[in-house]
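FYI, the numbering used here numbers position 4 of the sequence shown as 65, with every residue one higher than the one before it.
For glycine and all other residues, C-beta sits at the position ideal for the given N, C-alpha and C.
First up is the structure itself, then whatever we jot down about it.
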Amino acid sequence: MDKTCVLVVDDEKEIADLVEIYLSNEGYRVLKAGTADEADRLLQEHAVQLVILDIMMPGMDGLTFCREIRKRSNIPVLMLSAKSQDMDKIMGLATGADDYLTTPFNPLELVARVKSLLRRYLYLNPGRQSADDDVATVRGLQIDRKGHRVTVYGREVSLTPTEFEILFLLAKNKGIVLSAEEIFEKVWNERYYESNNTVMVHIRKIREKIEEDPGKPEFIKTVWGVGYRIDP
């Protein structure tokens, strides 16, 4: 059986080598690139299941490259950055990244996040659930988890694995308000921490893709001070 392949894109060799050591010890195959151009070539030549992407790189930066990845693929992207401000994290997630980790980081935390992202991504691939749990339908919105396919009134939309999981969770619990904390802990399988804007950013990105008018959403409603809900 082929090993799960992770692409590390970072111009700092020490960081890339450190990530390689820890992920290789977990049984992953690791590819490394120092620039976006090199990484793009590796993505075309190899079957990569996850990208770890540094924001600050020479040439094309990580934010721009993440947008390029999202034009072609829904593979998970974990951003690395020395910037720890909330706005920097929001910008990283808004480009299509699934998660964000500030440097310096605990290598064990990075490994845990990689495993979590891969579980979510591979779990959404075909053949992993019973038919009864595979599809959620809410009016003109249909979510096929087995085929990782979302259509809105017949129009297919492309979601990242994290966006897909959030939408599926809300659709399967239609009529129920889920707090940002509940969504985060169910989707990321991690403890929610205060002032975490991750869920808010992903909800905004989902609305941009499925709503005709994201400012007046038809599907994902905000219940102020409580959370989010999809009405039956």
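Which first and last residues belong to the beta strand (DSSP E) in which residue i is found?
i, result
"residue 295", "Outside the displayed span of the chain (62 to 293) sits residue 295, for which this structure offers no information."
"residue 65", "It is not in any beta strand (DSSP E) - residue 65 carries neither H nor E in the DSSP assignment."
"residue 131", "Segment 123-133 is the alpha helix (DSSP H) holding residue 131; no beta strand (DSSP E) there."
"residue 116", "It is not in any beta strand (DSSP E) - residue 116 carries neither H nor E in the DSSP assignment."
"residue 158", "First-last for residue 158: undefined, no H or E at that position."
Quick check: what's the CA-CA separation for residue i versus residue j?
i, j, result
"residue 286", "residue 223", "23 Å"
"residue 123", "residue 241", "27 Å"
"residue 169", "residue 135", "25 Å"
"residue 131", "residue 236", "31 Å"
"residue 244", "residue 227", "7 Å"
"residue 266", "residue 86", "35 Å"
"residue 216", "residue 290", "22 Å"
"residue 234", "residue 281", "12 Å"
"residue 271", "residue 212", "8 Å"
"residue 179", "residue 292", "30 Å"
"residue 206", "residue 196", "6 Å"
"residue 80", "residue 229", "31 Å"
Taking its Cβ as the centre, do 16 or more other Cβ atoms sit within 10 Å of residue i, making it buried, or is it exposed?
i, result
"residue 214", "exposed"
"residue 65", "buried"
"residue 82", "exposed"
"residue 107", "exposed"
"residue 284", "exposed"
"residue 157", "buried"
"residue 150", "buried"
"residue 160", "buried"
"residue 140", "buried"
"residue 148", "exposed"
"residue 254", "exposed"
"residue 125", "exposed"
"residue 277", "exposed"
My output table needs one value for residue i: the three-state DSSP class, helix, strand or coil.
i, result
"residue 244", "helix"
"residue 191", "Its pLDDT being 41, under 50, residue 191 is placed unreliably in this model, and the coordinates cannot settle the point."
"residue 153", "helix"
"residue 76", "helix"
"residue 176", "helix"
"residue 286", "coil"
"residue 281", "strand"
"residue 237", "coil"
Tell me where the alpha helix (DSSP H) around residue i begins and ends.
i, result
"residue 260", "259-271"
"residue 215", "First-last for residue 215: undefined, no H or E at that position."
"residue 141", "It is not in any alpha helix (DSSP H) - residue 141 instead sits in the beta strand (DSSP E) that spans 138-142."
What ranges does the beta strand (DSSP E) occupy inside the stretch 86-111, keeping only unbroken runs of at least 3 residues that lie completely in it? 90-94
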